[in-house]
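Student:
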Amino acid sequence: LDKNDYDGKTVLVTAGPTVEPIDPVRYITNRSSGKMGFEIAKAVKSRGGRAILVTGPTNLEDPIDIETIHVNTACEMYDAVMKLKDNIDIFIGAAAVADYRPERYELNKIKKSDDNIELKLIRNPDILYELGKNKGNIILVGFAAETENLIESAKEKINKKNLDLIVANDVSMEGAGFSGDTNIVNIIDKDLNIKEYPLMSKTDVAHTILDEIKKYFNL
Ligand code: C5P
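Reminder that position 91 of the sequence shown reads as 271 in the UniProt record's numbering, one-by-one numbering, no gaps.
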């Protein structure tokens, strides 16, 4: 492996969940440890590139010598990415961004009563989709975590979000997905070629993704 194959490349990686507050004591979120995104950022750095990590709340330590920006909500993650997007070569969206947020944030804790209540949710911006609309020369990589119809929905996302690659994982499989240190992925490119990989550490998955991205360098 050429140790410096990412020399001169700036890679922006989103990681972790976003957290959408309801009131001062309650929130909605997605399951995500942040490990996959952090491993990608570390892999970029180890291969001579510059990684920038935008992460929601996780239990992980900031990786040494990697610019790490902490956000809570999807809107904050969106703003952070939009500020940086003109100065990057590659964007990798490994974050589990909440698709919806409560329409309003209650300044005071919502009181419990014996009645049911309704929580109105509104759409959050889709960071990858927005980048895909105007992507210029950026190489765009997304993730698709699904529990059914994995390949079909991943292919749809490639088209809808104008991606170059998508990393699809069936999060219902043992050893794949959320909190563990391993993952089982398929990587699909924009020509819809599918590569299936065995169970691997998230570190190895990170390097495999970086290997795959290289076919789009200097096109
Ligand atoms: O459409 P879906 O949410 O399944 O797509 C997942 C991919 O899109 C992931 O790469 C995720 O980081 C990204 N995404 C995003 N902004 C959102 C929702 C998803 O960047 N609001």
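Every residue gets a Cβ at the ideal spot worked out from N, C-alpha and C, and that includes glycine.
Everything numeric in this text was worked out from a predicted model, so none of it was measured.
Can you look up residue 234 in the DSSP assignment and give me helix, strand or coil?
Tutor: Three-state result, residue 234: strand.
Student: For residue 230, which residues in the same chain have their Cβ closer than 6 Å to its Cβ, ignoring the five residues on either side in sequence?
Tutor: Correct list, in chain order: 190.
Student: Quick check on the burial criterion: 16 or more other C-beta atoms within 10 angstroms. Buried or exposed for residue 359?
Tutor: By the 10 Å Cβ count, residue 359 comes out exposed.
Student: Please report the distance separating the alpha-carbon of residue 310 from that of residue 294.
Tutor: If you take the alpha carbons of residue 310 and residue 294, they lie about 42 Å apart.
Student: Determine, using beta carbons only, whether residue 288 and residue 187 come nearer to each other than 8 Å.
Tutor: Not closer than 8 Å, so no.
Student: For the stretch 230-243 and the stretch 377-387, state whether three or more C-beta atom pairs, one from each stretch, are separated by less than 8 Å.
Tutor: As far as the Cβ criterion goes, the stretch 230-243 does not touch the stretch 377-387, which means the pair count is below three.
Student: Curious, which full-length alpha helix (DSSP H) runs of at least 4 residues does the stretch 198-258 contain?
Tutor: Here the runs fully enclosed are 215-226.
Student: When DSSP labels each residue in this structure, what does residue 316 get in the three-state scheme?
Tutor: Reduced to three states, the DSSP call for residue 316 is coil.
Student: May I ask you to list the residues that DSSP assigns as paired with residue 405?
Tutor: Residue 405 is absent from the structure shown; the chain starts at 181 and stops at 399.
Student: Distance, Cα to Cα, residue 257 vs residue 251?
Tutor: About 6 Å.
Student: Report all residues from its chain with a CB closer than 8 Å to the CB of residue 285; omit the five preceding and five following residues, and keep chain order.
Tutor: Around residue 285: 201, 202, 203.
Student: Quick one: grab the DSSP three-state call for residue 325.
Tutor: DSSP places residue 325 in strand when its eight states are reduced to three.
Student: Residue 276 and residue 210: beta carbons closer than 8 Å?
Tutor: Yes.
Student: Return the CA-CA distance between residue 392 and residue 315, expressed in angstroms with no decimal places.
Tutor: When rounded, the distance between both Cα atoms is 19 Å.
Student: Quick check: does the Cβ of residue 209 come within less than 7 Å of any heavy atom belonging to the ligand C5P?
Tutor: No - the ligand C5P has no heavy atom lying nearer than 7 Å to the Cβ of residue 209.
Student: For the pair the stretch 322-337 and the stretch 264-284, tell me if three or more CB-CB distances fall below 8 Å.
Tutor: Touching, yes, given that three or more Cβ pairs across the two stretches are closer than 8 Å.
Student: Look up residue 369 in the DSSP assignment and give the residues it is bridged to.
Tutor: Answer by DSSP bridge pairing, in chain order: 345.
Student: Just the Cα atoms here: how many angstroms apart are residue 196 and residue 381?
Tutor: Going by the C-alpha atoms only, they are around 17 Å apart.
Student: Can you tell me which of the three DSSP states residue 351 falls into?
Tutor: The answer is coil: DSSP assigns residue 351 none of H, G, I, E or B.
Student: Answer with buried or exposed for residue 343, where buried requires no fewer than 16 other C-beta atoms within 10 angstroms of its C-beta.
Tutor: With 16 or more other Cβ atoms within 10 Å, it is buried.
Student: Quickly, what does DSSP pair residue 271 with across the bridge? List them, please.
Tutor: 192, 320.
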